[in-house]
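Below is one structure, written out as structure tokens; the observations come after it.
And the structure:
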């Protein structure tokens, strides 16, 4: 029952027939490739048949459209992709941006010492020249009792007769002065004791020497 549909050996194609069929199919495929596929897809028409039936024109249009699309994509990529700067260039720009064009020279630190002797009830003044914003540190001491003091400044140019920094009465005093303006800055002492006092002043910072007035 099941073997009734199985073909006999006579009904099966021979190996020679199979080879002929395969060769024929290959020849037909090559003919179709040359006469239809190449003209229709790539505009290539070796036989002229594609031109006669209009396939070559269609292929040329397809090729032209592909080229235009490729060119458009390439142009968009070039516009959207940023140019990558080298690390060396970026570092150079960064250093150039933080480097001052005209760096200010370092201010010279000056040191000076002066000694004054005051009789009872006698006063004296020591001053120095300073520009606004300059700073100095000072220390003074007496060889005896307390001395009244007044740390102050003035400026003839700015018409400032008196500017007080600090007042008091001490035997030893340390402090600093930051110039509020361009002008003369200094110390005034008065000996309120009954004995002679010698005061030694030591100064370091940004100033133009010490002068007893």
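In the numbering used here, the protein residues as written are 1 to 213.
Virtual Cβ for every residue (Gly too), placed ideally from N, Cα, C.
Note that this is a predicted model, so its numbers are computed, not measured.
With a cut-off of 8 angstroms on the beta carbons, I'd call residue i and residue j a contact; round off their distance for me.
i: residue 184; j: residue 111; result: Incorrect: roughly 19 angstroms between the Cβ atoms, too far for contact.
i: residue 118; j: residue 187; result: Going by Cβ atoms, the distance from residue 118 to residue 187 rounds to 12 angstroms, so no, they are not a contact pair.
i: residue 197; j: residue 140; result: So it is not a contact: roughly 11 angstroms between Cβ atoms.
i: residue 193; j: residue 144; result: 6 angstroms
i: residue 174; j: residue 151; result: No, residue 174 and residue 151 are not in contact; Cβ-Cβ is about 12 angstroms, not under 8 angstroms.
i: residue 34; j: residue 47; result: 6 angstroms
i: residue 23; j: residue 42; result: In fact, because the Cβ distance is near 26 angstroms, the residues do not count as touching under 8 angstroms.
So who's on the other strand from residue i, going by DSSP bridges?
i: residue 201; result: 114 and 140
i: residue 135; result: 178
i: residue 188; result: 125 and 150
i: residue 211; result: 127
i: residue 160; result: 155
i: residue 166; result: 151
Between which two residues does the beta strand (DSSP E) holding residue i run?
i: residue 181; result: Note, residue 181: premise wrong, no beta strand (DSSP E); not H, not E.
i: residue 231; result: Because residue 231 is not part of the residues shown, which for the chain are 1 to 213, the question remains open.
i: residue 155; result: 147–155
i: residue 108; result: Here residue 108 belongs to no beta strand (DSSP E), and DSSP marks it neither H nor E.
i: residue 171; result: Segment: none, residue 171 is in no beta strand (DSSP E) and carries neither H nor E.
What residues in its chain sit with their C-beta under 7 angstroms from that of residue i, if we drop five residues either side in the sequence?
i: residue 19; result: none
i: residue 114; result: 126, 201, 210 and 212
i: residue 49; result: 35
i: residue 214; result: Residue 214 is absent from the structure shown; the chain starts at 1 and stops at 213.
Among residues of its own chain, excluding the 5 on either side of residue i, which ones have a beta-carbon nearer than 8 angstroms to its beta-carbon?
i: residue 211; result: 126, 127 and 128
i: residue 170; result: 146, 147 and 149
i: residue 135; result: 176, 177, 178, 179, 205 and 206
i: residue 154; result: 160, 161, 162, 163, 183 and 184
i: residue 17; result: none
i: residue 168; result: 148 and 149
i: residue 132; result: 179, 180, 181 and 182
i: residue 116; result: 124, 126, 189, 198, 199, 201 and 212
i: residue 14; result: none
For the ligand FAD, is there a heavy atom less than 7 angstroms away from the beta-carbon of residue i?
i: residue 210; result: The ligand FAD is not among the ligands present in this structure, which contains no ligands whatsoever.
Within the same chain, show all residues whose beta-carbon is closer than 6 angstroms to that of residue i, passing over the 5 residues directly before and after it, in chain order.
i: residue 130; result: 179, 185 and 207
i: residue 142; result: 171, 197 and 199
Legend entry - Sequence ranges, alpha helix (DSSP H) only - wholly within the region 32–57, length at least 4: 38–42 and 49–53
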